[in-house]
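Q:
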Amino acid sequence: MAKDFQTREENYAQWYNDLVIKADLAENSAVRGCMVIKPYGYAIWEKMQSVLDKMFKDTGHVNAYFPLFIPKSFFSKEAAHVEGFAKECAVVTHYRLKNSPDGKGVVVDEDAKLEEELIIRPTSETIIWDTYKNWIQSYRDLPLLINQWANVVRWEMRTRLFLRTTEFLWQEGHTAHSTKEEAIEETEKILNIYTKFAEEWMAVPVLQGIKSPNERFAGAVETYCIEALMQDGKALQCGTSHFLGQNFAKAFDVKFLSKENKLEYVWATSWGVSTRLMGALIMAHSDDHGLVLPPKLAPIQVVIIPIYRKEEQLKQVSEVAQKIKKSLEEKGISVKYDDRDTYKPGWKFSEYEFKGVPVRLAIGPRDLENNTVEVARRDTLEKEILQIADIENKIEHLLEQIQKKLYHRALSFRENNTYAVDTWDEFKDVIENKGGFVLAHWDGTAETEEKIKDETKATIRTIPLDSKKEEGKCIFTGNPSKQRVVFAKAY
RNA sequence: CGGGGUGUAGCGCAGCCAGGUUAGCGCGCGUCGUUCGGGACGACGAGGUCGGGAGUUCGAAUCUCCCCACCCCGACCA
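Residues in the first sequence are numbered consecutively from 982, following this note's numbering.
(1) Could you compute how far the alpha carbon of F1056 sits from the alpha carbon of P1194?
(2) Entirely within the stretch 1203 to 1282 and at least 4 residues each: give me those alpha helix (DSSP H) ranges in chain order.
(3) Label K1094 either buried or exposed according to how many other C-beta atoms from any shown protein chain fall within 10 Å of its C-beta, with 16 as the threshold for buried.
(4) What does the Cβ neighbour count give for R1077, buried or exposed, with the cut at 16 atoms within 10 Å?
(5) Which whole-angstrom value is the C-beta distance of I1456 and A1421, which I expect to be below 8 Å?
(6) Does the distance from the C-beta atom of V1284 to that of R1347 stay below 7 Å?
(7) Kindly list the residues whose CB is nearer than 6 Å to the CB of K1450, restricted to its own chain and excluding five residues on each side of it in sequence; keep chain order.
(8) Is it right to say K1240 is buried, meaning 16 or more other beta carbons lie within 10 angstroms of its own, or is it exposed?
(9) Spell out the partners DSSP gives A943 in its beta bridges.
(10) Whose C-beta lies closer than 7 Å to the C-beta of K1161 among residues of the same chain, with five residues either side of it excluded?
(11) Between the C-alpha atoms of N1460 and V1402, what's the straight-line distance to the nearest angstrom?
(12) DSSP on T1147, reduced to helix/strand/coil?
(13) In angstroms with no decimal places, state the Cα-to-Cα distance between A983 and D1424.
(14) Give a single yes or no on whether A1357 has its beta carbon closer than 6 Å to a heavy atom of the ligand GTP.
(15) Among the residues of its own chain, which have a CB less than 8 Å from the CB of T988, if the five just before and after it don't count?
(16) Under the three-state reduction of DSSP, which class applies to A983: helix, strand or coil?
(17) For M1029, which residues from the same chain have a beta carbon less than 7 Å from its beta carbon, with the 5 sequence-adjacent residues on both sides left out?
(18) Restricting to Cα atoms, I'd like to know which of V1001, T1458, H1062 and N1173 is closest to V1202.
(19) Terminal residues of the continuous beta strand (DSSP E) containing R1347?
(20) State the Cα-Cα distance for the pair I1151 and E1363, rounded to the nearest angstrom.
(21) So for T1176, helix, strand or coil by DSSP?
(22) Check the C-beta distance from A1302 over to Y1318 and give it rounded, since I have them as a contact under 8 Å.
(23) If G1253 sits next to G1154, beta carbons under 8 Å apart, how far is it from one beta carbon to the other, in whole angstroms?
(24) Residue ranges of each beta strand (DSSP E) run of no fewer than 3 residues wholly in the stretch 1389 to 1421, ordered along the chain?
(25) For E1106 and S1251, I'd like the C-alpha separation in whole angstroms.
(26) Tell me, please, whether the stretch 1030 to 1045 touches the stretch 1116 to 1129 by the rule of three or more beta-carbon pairs shorter than 8 Å.
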């Protein structure tokens, strides 16, 4: 194996790219920075979507859809927001093409210039708050709990499949509340949903915390985040939930009459996770043999491969395989029976291995004689022969085990790669030579964070919510600090 | 936008410096046969505006000039 894979050790970045391509998740498109998400990759995203969508709906949110285009003037209404996004906006300036005068193709028709340019949304706060203005008059209209599934465009200079693409898919929630407390509660509620999803479905342990001012969302009062550690020791931001205060309400003049008959600005939140989660999923669990998927998000949880020589044998094997498939499906397990005769068993073993299918069953003539089946699990690459009787319960249990195993493996990796350091030399050494999360004291100033970044490339990934208060001295300036924050190099 | 590099079959590459018949190799693809419990093997076969344009030359993938595209490194970022 691994004959056409770079290993993680050899070249982590290359390993990741090879994996995405070889596992048939996505590929680069003809458009620079934009990817084609292939059916197998999209199936994983669809699973993520359906789980998250249910979680949002269970907590009272509803879906809606807002336009792809945003008038340029909307953008300039919230100062910090424009500032943050201006440098990466795609702009529509014309609405028509015409035949080129030289007869070669088409050119932009200069006569079809838009009065006001349209921005392709990098995020939808502005168009949404401009709309909410008309929807909200009274405290009776609140809270407004809306989510949208959409594509957005951010003109990044360097892109990587799933981790950073010019266009990406995501969900963005935008809520409006009558009190500050309720909005903060919403922000935290969503953070907990994201955490639960990451840990219980993706099997990726995450740190919950808030962002330093430098890393805060443009236009937010506070940005909460979940942060995961990848196998190369770099951090990946997996989701953000923003408390927007009254910034957008003021910018778009969204007021409501309270019970006390007073006119007040609305309190807001916004929150999102994107196809970047695919990157986290891939990098958290996969190995040098290919993708490893947690059963709860695997499009195919169990694959059955027949071993046979003659047609007659295939017929007998198929009968047993179909029976097993059916009994597994009755348990809600997704099963693929791959009886294509255009590929050999060995080839199929490899294919499903690098596609990360959690469990593989092989059934051949020997099994027919003994009423057995060969069971191979992807996470540990272990194989065993099991009796067919009661196979559906055994497999169901095995899938649960794999899900847990992946989470705990990722968790212990994170624990083994988290370091508390108290001196600047130690800090530089760990960041440079080991990677991982580094817990260190920081004096709380943006200047210090900036200087640390310039010298080491490490940034504050998060200020953990659950960390103990602890007096200490900033590793860089020696100024007093009240708690440790999490530093790392990040994606 | 700076610095480096690459464009030759679906993919990965050789050929270019020292110009010369029908432009090669590996993988993949097609047909047939033998195979089938960890990426099978053999035989035959299909597949090319050599990134584009102009020039030098009897002759250009190869030399010259211009253009284009893409990749890597840096500044920006979910």
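Idealized CB from N, CA, C, for every residue including glycine.
A: According to the structure shown:
(1) 21 Å
(2) 1228 to 1233 and 1257 to 1266
(3) exposed
(4) exposed
(5) 5 Å
(6) no
(7) K1463 and Q1464
(8) exposed
(9) The structure shown does not extend to residue 943, since the chain spans only 982 to 1472, so no value can be given for it.
(10) W1248
(11) 15 Å
(12) coil
(13) Per-residue confidence for A983 stands at a pLDDT of 37, beneath the threshold of 50, marking its modelled position as unreliable; the derived number appears in the next sentence. Taking the straight line from one Cα to the other gives about 47 Å.
(14) For the ligand GTP, the structure offers nothing, since it holds no ligand at all.
(15) W996 and D1269
(16) With a pLDDT of only 37 at A983, under the threshold of 50, the placement of this residue in the model should not be trusted; the figure read from the coordinates follows. If DSSP states are grouped into helix, strand and coil, A983 belongs with coil.
(17) L1258 and L1278
(18) H1062
(19) Segment P1346 to N1351 is the alpha helix (DSSP H) holding R1347; no beta strand (DSSP E) there.
(20) The amino acid at residue 1151 is misidentified as Ile; the sequence shows Trp. Roughly 36 Å between the two C-alpha positions.
(21) helix
(22) 5 Å
(23) 7 Å
(24) 1399 to 1401
(25) 8 Å
(26) yes
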